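Enquirer: In full-length UniProt numbering, the protein residues as written are 1 to 151. Every residue, glycine too, gets a C-beta built ideally from N, C-alpha and C. Note that the structure is predicted; figures quoted are calculated from it, not measured.
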């Protein structure tokens, strides 16, 4: 089964990427894999404190995932899976694509600020020629209605 890989983070554009991935998966009878990457600098503390912070971060990610997963199950009939990796986001996204041959498309949300589309879109676009799958970049300001029409 083909899967859409979408990145879960705290950005606003993440919402549209999630919607797009779920709607495309529902229309193409595919799956959705949601990847959350915990950057290494979040735990540069004493070992005990770092372990506690890591666990709290995982709990926050799982709670955030459940919000999207419930919507995907209820509205799109998709039961997504969650993968949590630790490391540099771009490196871990590429590693996940390479580790899971069922992933067929990487879906990223593009930011709408004057700073540009966001660091993931910028960095992964530079590597897109060497990725084994296509990248779909979803504009962060697309309306829900427009997303439904496109998918």
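Nearest to residue 34 by alpha carbon, out of 56, 72 and 57?
Expert: If you number the chain shown from 1, residue 34 lands on position 34. The option with the nearest alpha carbon to residue 34 is 72.
Enquirer: For the beta strand (DSSP E) that residue 25 lies in, which residues bound it at each end?
Expert: Sequence index remark: in the chain shown, residue 25 carries index 25 (1-based). That residue, residue 25, is in no beta strand (DSSP E); its alpha helix (DSSP H) goes 13-28.
Enquirer: Please classify residue 139: does DSSP put it in a helix, a strand, or coil?
Expert: Reading the chain shown from its first residue, position 139 is the one you call residue 139. It is a strand residue.
Enquirer: Between residue 120 and chain C, is there a C-beta pair that is closer than 9 Å?
Expert: Absent from the structure is chain C; it holds one protein chain and no more.
Enquirer: Tell me, please, whether the segment 7-27 touches the segment 75-87 by the rule of three or more beta-carbon pairs shorter than 8 Å.
Expert: yes
Enquirer: Spell out the partners DSSP gives residue 8 in its beta bridges.
Expert: As a first step, residue 8 is located in the chain shown; it is residue number 8 there, counting from the start. Beta bridge pairing from DSSP links residue 8 with 36.
Enquirer: With a Cβ-Cβ cutoff of 9 Å, do residue 142 and residue 7 count as a contact?
Expert: The residue you call residue 142 lines up with position 142 of the chain shown. The residue you call residue 7 lines up with position 7 of the chain shown. Not closer than 9 Å, so no.
Enquirer: Quick one: what's got a C-beta closer than 7 Å to residue 87's C-beta in the same chain, skipping five residues either side?
Expert: Here residue 87 refers to the residue found at position 87 of the chain shown. Same-chain partners within the cutoff: 37 and 40.
Enquirer: So, at 6 Å on beta carbons, what are the nonlocal neighbours of residue 109 in its own chain, with the 5 sequence-adjacent residues on each side left out?
Expert: Position 109 of the chain shown, counted from the first residue, corresponds to residue 109. Around residue 109: 13, 14, 16, 17, 138 and 140.
Enquirer: Once you ignore the five residues that flank residue 82 on each side, which residues in its own chain have a CB closer than 6 Å to its CB?
Expert: The residue labelled residue 82 in the question sits at position 82 within the chain shown. Same-chain partners within the cutoff: 34 and 65.
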